[in-house]
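First residue of the sequence shown? That's 1 in full-length UniProt numbering, and the numbers climb one at a time after it. This report concerns only the one structure given below.
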Amino acid sequence: AWVHGDPRKVVYPTDSYGQFCGQKDTLNENKTILFYFNILKCASPAVLINLQCPTTQLCVSKCPDRFATYIDVQASYRYKPDHWNYFKQFCKPGFNNPRKSVAQVLRDEDCPSMIIPSRPFLKRCFPDFSTKNGVLTVANQTTFKDGRGKTRNVTDLREAANGINIVLDARSVGMKIFEDYASSWYWILIGLFIAMVVSLLFLVLLRFTAGVLFWIFIFGVIGIIGYGIWHCYWEYSHLKGIPGSDLTVYDIGFQTDFRVYLQLRQTWLAFMIILCIVEVIIILMLIFLRNRIRIAIALLKEGSRAIGYIMSTLFYPIVTFLLIAICISYWAVTAVFLATSGEPVYKVMANQTLCKYANLSCDPETFNTTNVTKLCPGAQCTFAFYGGESLYHKYIFIFQLANAFVFLWLVNFAIALGQCTLAGAFASYYWAFRKPADIPLWPLFSSFGRAIRYHTGSLAFGALILAIVQLVRVILEYLDHKLKGTQNSFTRFLLCCLKCCFWCLEKFLKFINRNAYIMIAIYGKNFCTSAKEAFFLLMRNVVRVAVLDKVTDFLLFLGKILVAGGVGVLAFFFFTQRIPVFAKEAPTLNYYWVPLLTVIIGSYLVAHGFFSVYAMCVDTLFLCFCEDLERNDGSTAKPYFMSASLHRILGKKELSPKKA
């Protein structure tokens, strides 16, 4: 990839001569936009973007801003030289012969037969479409001269630029979203900072008031969803009787202005039903799991105590984030180099439909010495696309798969390193007989050093197994996408079964790997031995696993929802200017949901980073507790390492010394 790739093929458009538009230290340095001589020959924007439109393409400094034809410019060049000087900048470089016959100019494609008002999009000139009173226009005109003696309708350009209006509408929405981010980015950062402070504050307070805070979590989530139900009902009732509010989403179709949907009663009714279902599910789960929640809360108190002694663990997710960011950057850059490692392919472009050499490969250096120009007058050897027929180019897809596999392996290794490091730090807390006196100095850094020095191979092996399964899932998704529409019922059923099986296998391996890394951090054994011991240890305590581990995960998930929901509600009132104190400070937005969703998603990710440390702490303490119960009996010779609170919580029956 590094030898053959050239990212300039993605950054810069390529003209008919294989030269990049806008590349520094070239003749096209100030010509950053690609111009098409006859856009009517192009079938769709996809053809234009793929550089396969059968017309001459040149690099220009700006797109045309007026209608003009070569015939009119040639007829008036003597008394209107400024018209010719403007038009010739869209001709081939060096061409300055307005006296050449129109037929020869169009045959040799020295100049375009016409130019139309255009705007740059994806660094290419597209017709400047607009609608006036529901009629498609270009520069407020509905007709134009094609330079070949015909007057054509603007709708002909629509065929050449099929779907361009959808693309431009998407760009318009994209520009509005960008404007919203530009005017609200610092408020978004403030919201994320609040989420970080709230998450950190909750984790610190859990050491003292785990039970109270988690019940606040639970009722807070119920309250937030309840407020959402009330707000949806209020909007639903408020819109009653308003003209147009009883229309359905199907009636109005797709709209780029999403605020239109908020004027419909059906939208708020759907929101209210969804929130009611979620509310009922959460309440039912709390009713049936209330006793187990009490047990889980007690275990969380022990986890909060461990984090209180090793506060540096809360910031370790930043290290994992940086490692994953490096992996993503490496994969993305390598993928771009691989995708741009094709060689320029040139094709014969002939105006004559009967030319047998049309669309055949050619060599621009020797093209003029061949018989093609004699048999097909006006034929040119122009750049078509990047590709190649060599062995290397045939296996680029395989190389992309290998690159994806390396990416998956590295990401899983970074996650495994974080899990093993945190497990080692929390295990050092649990196995300290006198807490906190026997906790080693700098437990997190010591654990990280041990993981790097002694356990790199085990972590890499666990990450390798998971990466293989994930790669198979990627290949299955690719096959499903490629075969969609052509596959029979049996093929669809088989692919669905395979995707389901490998999804389950991936979830199982993640669970086993996580607990294997904990055993590695405790005993320092290899991956296979640790995975086997962790699996059988969990199977011997399967009831505790189901009751404590998963209920804890559920409670932590509720905590994330509360943080994200609380900050989201605050952001909603702020960006909709419903907080009188900050009404003047709130920015004017096109779509208030843009910064709102960013704050909610970002707050959830921030809370997830802190709570993931807590979840790893609870998992480690639970596995250590199970191991402690099996290896020790509470006697003087084999005392338990668990704290007194864990004695009361989880092992009342097993904690008496075993009889001989």
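The beta carbon of each residue, even a glycine, is placed where N, CA and C say it ideally should be. What you are looking at is a predicted structure, and each value in this text was computed from that prediction instead of being measured.
Thinking C-alpha only, which one of the options is nearest residue i?
i      : options                           : result
PHE178 : LYS150, GLY634, THR598 and LEU629 : THR598
TYR227 : LEU192, MET272, GLY253 and ALA195 : MET272
HIS4   : SER341, VAL249, THR620 and PRO117 : SER341
TRP268 : LYS560, ARG434, GLU109 and TYR236 : TYR236
LEU289 : LEU548, ASP65, ILE224 and SER245  : LEU548
LEU286 : ILE328, PHE572, TRP215 and ILE39  : TRP215
PRO81  : VAL542, SER458, ARG99 and PRO64   : ARG99
ASP619 : ILE39, PHE219, PHE574 and ILE522  : ILE522
ASN140 : LYS176, GLU109, PRO112 and PHE67  : PHE67
GLU279 : ALA564, ALA182, PRO580 and LEU558 : LEU558
CYS362 : TYR430, LYS374 and ALA384         : ALA384
PHE126 : LEU34, GLN577 and ALA404          : LEU34
ILE601 : ARG631, GLY568, THR576 and PHE575 : GLY568
ASN97  : CYS496, MET311 and GLN74          : GLN74
LEU40  : ALA516, VAL249, SER101 and PRO112 : PRO112
ALA339 : PHE397, LEU555, TYR233 and THR529 : PHE397
LEU284 : VAL333, ALA270 and ILE218         : ILE218
Suppose you measure from the CA of residue i to the CA of residue j; what does that come to, to the nearest Å?
i      : j      : result
ALA43  : LEU322 : Because ALA43 sits at a pLDDT of 49, beneath the cut-off of 50, its placement in the model cannot be relied upon, and the point is left open.
ARG259 : TYR591 : 8 Å
CYS504 : ASN412 : 17 Å
ALA379 : GLU343 : 22 Å
ARG473 : LEU360 : 39 Å
GLY418 : THR320 : 6 Å
TYR17  : GLY94  : 14 Å
CYS25  : ARG148 : A small correction: the amino acid at residue 25 is Asp; Cys does not occupy that position in the sequence shown. Between ASP25 and ARG148, the C-alpha separation is close to 38 Å.
ALA423 : ILE520 : 9 Å
GLN104 : PHE399 : 47 Å
LYS150 : MET114 : 11 Å
PRO440 : PRO317 : 21 Å
MET616 : ILE475 : 31 Å
SER304 : LEU498 : 41 Å
VAL469 : ASN513 : 13 Å
HIS608 : ALA402 : 31 Å
TYR203 : GLY253 : Residue 203 is actually Leu in this sequence, not Tyr. So the two alpha carbons sit approximately 46 Å from each other.
LEU629 : PHE611 : 27 Å
ALA467 : ASN488 : 30 Å
THR366 : ASN153 : 41 Å
GLY191 : PHE575 : 11 Å
VAL60  : ARG119 : 12 Å
PHE433 : GLU302 : 15 Å
ALA546 : TYR181 : 43 Å
TYR186 : THR143 : 48 Å
LYS507 : LEU464 : 15 Å
VAL221 : LEU562 : 5 Å
Once you ignore the five residues that flank residue i on each side, which residues in its own chain have a CB closer than 6 Å to its CB?
i      : result
LEU537 : CYS626
ILE282 : none
LYS92  : ASP110
LEU410 : CYS327
TYR604 : LYS560 and ALA564
How would you write the range of the alpha helix (DSSP H) that residue i sits in, first residue to last?
i      : result
PRO595 : 593–631
ASN30  : ASN30 -> no alpha helix (DSSP H), and no H or E assigned at all.
PHE129 : Taken as a continuous stretch (DSSP letters only), PHE129 belongs to no alpha helix (DSSP H), being part of the beta strand (DSSP E) at 129–132.
VAL249 : 249–252
THR529 : 527–540
VAL73  : 70–76
Ignore the nearest five residues each way along the sequence and tell me which others in residue i's own chain have a CB closer than 7 Å to its CB.
i      : result
TYR12  : PHE20, CYS21, GLY22 and GLN23
THR382 : SER16, THR56, TYR346, LYS347 and MET349
SER245 : LEU239, GLN263, LEU264 and ARG265
PHE208 : none
PRO117 : PRO64, ASP65, ARG66, PHE67, ASP128, VAL138 and ALA139
Should residue i be counted as a contact of the ligand FAD given a C-beta to heavy atom distance under 7 Å?
i      : result
LEU479 : By its list of ligands, the structure shown contains no ligand whatsoever, and the ligand FAD lies outside what it can speak to.
Would you give the residue range spanned by the beta strand (DSSP E) that residue i belongs to?
i      : result
PHE121 : 118–121
LEU289 : Note, LEU289: premise wrong, no beta strand (DSSP E); not H, not E.
GLN57  : 57–60
THR151 : 151–153
PHE144 : 143–145
LEU441 : First-last for LEU441: undefined, no H or E at that position.
VAL135 : 135–138
Give every residue of the same chain whose Cβ lies closer than 8 Å to the Cβ of residue i, excluding the five residues on either side of it in the sequence, and list them in chain order.
i      : result
GLY524 : ARG450, TYR454 and HIS455
LEU479 : LEU495
TYR430 : ALA306, THR620, LEU621, CYS624, PHE625, ASP628, PHE641 and MET642
For this session: Run through the stretch 447–499 for me and flag every whole alpha helix (DSSP H) of 4 or more residues, listed as ranges in chain order.
Result: 456–483
For this session: Please list the segments of the beta strand (DSSP E) lying wholly inside the stretch 335–398, counting only runs of 3 or more residues, in order along the chain.
Result: 343–349 and 380–387
For this session: Ignoring anything shorter than 4 residues or poking outside the stretch 87–114, list the alpha helix (DSSP H) runs there in chain order.
Result: 102–108
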